[in-house]
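Structure first, commentary second.
There are 2 protein chains.
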Amino acid sequence: MQDEFDFIEQIKPKKIYQSSLIEGIGDDAALIHQKPEMEQIICMDTMVEGIHFTTATMSPYQIGYKALAVNISDIAAMGGIPTFYLVSIAIPKCWDEQELLSIYDGMAMLANKYKMDLIGGDTVSTADCLTITVTVIGEIEKDKHLLRSNAKPGDIVFVTGTVGDSAAGLDVLLHNEDKVFSETEKILVYKHQFPQPRVEIGRMLAALPRVSLNDISDGIASEANEIAKASQVVFSIDEDCLPLSKAIREYNNSRSIEWALYGGEDFELIGTMPKSDWENIYKQCDEKGFIITKIGTVSEGPQKVLLNKKDKSYILDKKGYNHFKVETK
Amino acid sequence: MQDEFDFIEQIKPKKIYQSSLIEGIGDDAALIHQKPEMEQIICMDTMVEGIHFTTATMSPYQIGYKALAVNISDIAAMGGIPTFYLVSIAIPKCWDEQELLSIYDGMAMLANKYKMDLIGGDTVSTADCLTITVTVIGEIEKDKHLLRSNAKPGDIVFVTGTVGDSAAGLDVLLHNEDKVFSETEKILVYKHQFPQPRVEIGRMLAALPRVSLNDISDGIASEANEIAKASQVVFSIDEDCLPLSKAIREYNNSRSIEWALYGGEDFELIGTMPKSDWENIYKQCDEKGFIITKIGTVSEGPQKVLLNKKDKSYILDKKGYNHFKVETK
Numbered sequence: 001m002q003d004e005f006d007f008i009e010q011i012k013p014k015k016i017y018q019s020s021l022i023e024g025i026g027d028d029a030a031l032i033h034q035k036p037e038m039e040q041i042i043c044m045d046t047m048v049e050g051i052h053f054t055t056a057t058m059s060p061y062q063i064g065y066k067a068l069a070v071n072i073s074d075i076a077a078m079g080g081i082p083t084f085y086l087v088s089i090a091i092p093k094c095w096d097e098q099e100l101l102s103i104y105d106g107m108a109m110l111a112n113k114y115k116m117d118l119i120g121g122d123t124v125s126t127a128d129c130l131t132i133t134v135t136v137i138g139e140i141e142k143d144k145h146l147l148r149s150n151a152k153p154g155d156i157v158f159v160t161g162t163v164g165d166s167a168a169g170l171d172v173l174l175h176n177e178d179k180v181f182s183e184t185e186k187i188l189v190y191k192h193q194f195p196q197p198r199v200e201i202g203r204m205l206a207a208l209p210r211v212s213l214n215d216i217s218d219g220i221a222s223e224a225n226e227i228a229k230a231s232q233v234v235f236s237i238d239e240d241c242l243p244l245s246k247a248i249r250e251y252n253n254s255r256s257i258e259w260a261l262y263g264g265e266d267f268e269l270i271g272t273m274p275k276s277d278w279e280n281i282y283k284q285c286d287e288k289g290f291i292i293t294k295i296g297t298v299s300e301g302p303q304k305v306l307l308n309k310k311d312k313s314y315i316l317d318k319k320g321y322n323h324f325k326v327e328t329k
Numbered sequence: 001m002q003d004e005f006d007f008i009e010q011i012k013p014k015k016i017y018q019s020s021l022i023e024g025i026g027d028d029a030a031l032i033h034q035k036p037e038m039e040q041i042i043c044m045d046t047m048v049e050g051i052h053f054t055t056a057t058m059s060p061y062q063i064g065y066k067a068l069a070v071n072i073s074d075i076a077a078m079g080g081i082p083t084f085y086l087v088s089i090a091i092p093k094c095w096d097e098q099e100l101l102s103i104y105d106g107m108a109m110l111a112n113k114y115k116m117d118l119i120g121g122d123t124v125s126t127a128d129c130l131t132i133t134v135t136v137i138g139e140i141e142k143d144k145h146l147l148r149s150n151a152k153p154g155d156i157v158f159v160t161g162t163v164g165d166s167a168a169g170l171d172v173l174l175h176n177e178d179k180v181f182s183e184t185e186k187i188l189v190y191k192h193q194f195p196q197p198r199v200e201i202g203r204m205l206a207a208l209p210r211v212s213l214n215d216i217s218d219g220i221a222s223e224a225n226e227i228a229k230a231s232q233v234v235f236s237i238d239e240d241c242l243p244l245s246k247a248i249r250e251y252n253n254s255r256s257i258e259w260a261l262y263g264g265e266d267f268e269l270i271g272t273m274p275k276s277d278w279e280n281i282y283k284q285c286d287e288k289g290f291i292i293t294k295i296g297t298v299s300e301g302p303q304k305v306l307l308n309k310k311d312k313s314y315i316l317d318k319k320g321y322n323h324f325k326v327e328t329k
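In the order they appear, the protein sequences are chains A and B.
Per the UniProt record's numbering, the first sequence starts with residue 1, numbered consecutively.
Per the UniProt record's numbering, the second sequence starts with residue 1, numbered consecutively.
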């Protein structure tokens, strides 16, 4: 790669969106005005080549897109508006400059959509695996806390979009080396490579007085357990209510529930809200073309997640449901 | 390593310092109150095993310390107070949990000193090189911008502490495999392994009406050129004025100037201020036991850095001084 300073010049944004930015890339650190009417949201996630992606299943552009998308998804899960991002990238010698610029282009595409400014980061060498760490900063109106600990008995459990598609898309990619895909397969592959952070739905939910919320990075089983644990409640989820896409059913219906529960990387939102708010939110989502589905209820009791399947209930663990722990309904 | 969630429980701070923190580690993202009287400073730096450190020259504790120190140094170079940090770490299998906890302990030591809270990050696997990315957030009183572009003709050029010691310390480590060090060598090794971010001096400088400032991560030659470029001025540095420690002179005086100019990783501050402010700042530093040295002057002209050496001036490039570019004094 050429000189680091020349590279920085190339990735430096040509346009600034956020009026609160005082100084972006180019000094020791970025400087930002603080807004007393807002609270700040900050998160940081890393993607490693060979662990979170391979060049066989993701192009440099898609890798960049996804590295930013997973972080924006965390802002969405707090009900916030993403505003800034910083990118640190450790680059092995085998990656050429054009590929690196494509990674930044993939991020810039999403950043433009959400009017986010790239304000800093680092570019360093590494021996082996490309590693991208992204920090995203967002904001939300004061005193709106969409935390995992907000669930209460009597709430309904909801999920946005459809679940399992990303895992199914990865399965398509891993079993089709020639990359000739059917229309159904193309849909699933797209869901894997270009997950949509649910910022708009997060914003709608932020208007409610009380919502618990998580984004689905590790699958419904894991995320539901996190909320149940943080809130000390029982989740009861109906398997028949899980929103599965037409594409996943067509591709491999026998594995669709497994992918929905444990696949992860859907970056949809899962959470709970008081029953009385459900109809209004459902209508709002429907009007804007967003899918939101009621998949269960919250009740009192020692923290756990139950999966109701026909006339039985299973304890749904983070990493799999345990057939030795059947509960009588 | 054990379960990621158990590991997070172990590194989670037991105590919160910053009253502006609403929600730290444990949800999708951290939540922070914004202070209208302050501006926010944000930076992000990555250290890669085999590139920025090796386990032969740095212990896990020192690696952690340094990963946080280099970022705090960027906050110091903006005149700010560090407040929060996020850590993302990509871990190869050969590192055990105790070593990882030592990395976090090394960071916690510095964080406690500066009353900073760990508010997020990520822990992921990697195949080969341990990679640590740290994001640090800091704050500074409104409208105080200690930027590289602030230098003006007539300013004096200063540097804090002594320079070259970190590079000399690395030289000691690389040439003493048995790790039996003289007292002089111990001082230099300590400077390499435990660089001190100059937050206190940065804060004194922030009180001045106009200061240009950079931290010395890449050596005086590189940092002086960055300020000269950003401010479009000429730096004139006197080689005889460069503050060299007794230890570096004793260890290898023939290479001390080379290390001071190009060694880097001293994490001292270099900058400029109006002549009229010098005496006052010098006194303040002296009273608190900090070294600050006037090493040159700023003048008008197309951006460059001159190094005055006996009766000649050389153009000091970022990466070395060029003997073909001697200027008549």
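The beta carbon of each residue, even a glycine, is placed where N, CA and C say it ideally should be.
Is there at least one Cβ from chain A nearer than 8 Å to Thr46 (chain B)'s Cβ? yes
Quick one, which of A:Lys319, A:Ile75, A:Leu147, A:Glu226 has its alpha-carbon nearest Pro209 (chain A)'s? A:Leu147
List the whole-angstrom C-beta distance separating Lys288 (chain A) from Glu200 (chain A), where the pair is believed to meet the contact cut-off of C-beta under 8 Å. 7 Å
Which residues in the same chain as Ile227 (chain A) place their Cβ atom closer than 6 Å to its Cβ, once the five residues preceding and following it in sequence are excluded? Arg148, Ala151, Ser212, Asn214
For Val87 (chain B) and Glu216 (chain B), the rounded distance between their alpha carbons: Per the sequence shown, residue 216 (chain B) should be read as Ile rather than Glu. So the two alpha carbons sit approximately 22 Å from each other.
Which residues, in order along the segment 74-104 of chain B, keep a beta-carbon less than 7 Å from a beta-carbon of chain A? Asp74, Ile75, Ala77, Met78, Leu86, Ser88, Ala90
By DSSP, does Leu316 (chain A) sit in helix, in strand, or in coil? strand
Between which two residues does the alpha helix (DSSP H) harbouring Cys94 (chain A) extend? Here Cys94 (chain A) belongs to no alpha helix (DSSP H), and DSSP marks it neither H nor E.
C-beta neighbour in chain B for Lys35 (chain A), strict 8 Å: yes
What alpha helix (DSSP H) runs, 4 residues minimum, are completely inside the segment 176-255 of chain B? 183-193, 199-206, 220-231
Check whether the Cβ atoms of Ile220 (chain A) and Glu239 (chain A) lie closer than 8 Å to each other. no
Every unbroken beta strand (DSSP E) within the segment 105-188 of chain B, with a cutoff of 3 residues, ordered by chain: 117-125, 131-141, 156-160
Would the segment 161-171 of chain A and the segment 182-192 of chain A be scored as touching if the rule is three or more Cβ pairs under 8 Å? yes
Counting C-beta neighbours from all protein chains within 10 Å, is the total for Leu174 (chain B) 16 or more, i.e. buried, or is it exposed? exposed
Whose Cβ in chain B lies nearer than 9 Å to the Cβ of Met38 (chain A)? Gln34
State the Cα-Cα distance for the pair Leu130 (chain A) and Gly50 (chain A), rounded to the nearest angstrom. 9 Å
Let me make sure I understand the geometry here. Which of B:Asn308, B:Lys319, B:Ile295, B:Tyr282 has the alpha-carbon closest to that of Trp259 (chain B)? B:Lys319
Whose C-beta lies closer than 6 Å to the C-beta of Val305 (chain B) among residues of the same chain, with five residues either side of it excluded? Ala224, Asn225, Ala228, Phe235, Leu316
What are the partner residues of Thr293 (chain A), as DSSP defines its beta bridges? A:Val159
Span of the beta strand (DSSP E), counted from its first residue to its last, around Gln284 (chain A): From DSSP, Gln284 (chain A) is part of no beta strand (DSSP E) but of the alpha helix (DSSP H) over 275-288.
Taking the CB atoms as reference points, tell me whether Asp155 (chain A) and Met273 (chain A) lie closer together than 8 Å. yes
Taking Cβ-Cβ distances shorter than 8 Å, what residues in chain A pair up with Leu147 (chain B)? Glu23, Asp27
Kindly list, in the order they appear in chain A, the residues whose Cβ is closer than 9 Å to that of Leu170 (chain B). Going along chain A, no residue has its Cβ under 9 Å from Leu170 (chain B), so there is no contact; the nearest lies around 17 Å.
Gln40 (chain B), DSSP secondary structure in three states: strand
Using a cut-off of 8 Å between C-beta atoms, extract the partners of Ser125 (chain A) located in chain B. Val48, Ile51
Considering only residues of the same chain and omitting the five flanking positions on each side of Lys12 (chain B), which have a CB-CB separation below 6 Å? Ile25
Quick test of your reading: Pro195 (chain B) and Val136 (chain B), contact by CB under 8 Å. State the CB separation rounded to the nearest angstrom. Not quite, the Cβ-Cβ distance comes to about 14 Å (not below 8 Å), so this is no contact.
Rounded separation between Ile237 (chain A) and Asn308 (chain A) - CA only: 6 Å
Give the DSSP-derived three-state secondary structure of Glu327 (chain B) in the structure shown. Bear in mind that a pLDDT of 49 at Glu327 (chain B), under 50, signals an unreliable position, so the model cannot answer this.
Rank B:Lys310, B:Ile16, B:Asp277 by C-alpha distance to the C-alpha of Tyr114 (chain B) and give the top, closest one. B:Ile16
Within the continuous beta strand (DSSP E) that includes Ile51 (chain B), where are the two ends? First-last for Ile51 (chain B): undefined, no H or E at that position.
Have a look at Ala111 (chain B) and Asp117 (chain B) and give me their C-alpha separation to the nearest angstrom. 7 Å
Strictly below 8 Å CB to CB, what residues from chain B border Ala30 (chain A)? Ile41, Ile42, Cys43
Run of the alpha helix (DSSP H) containing Leu68 (chain B), from where it starts to where it stops: 60-76
Phe84 (chain B) (DSSP reduced to helix, strand or coil): strand
Ends of the beta strand (DSSP E) at Tyr32 (chain A)? Rather than Tyr, the amino acid found at residue 32 (chain A) in this sequence is Ile. That run of the beta strand (DSSP E) goes 30-33.
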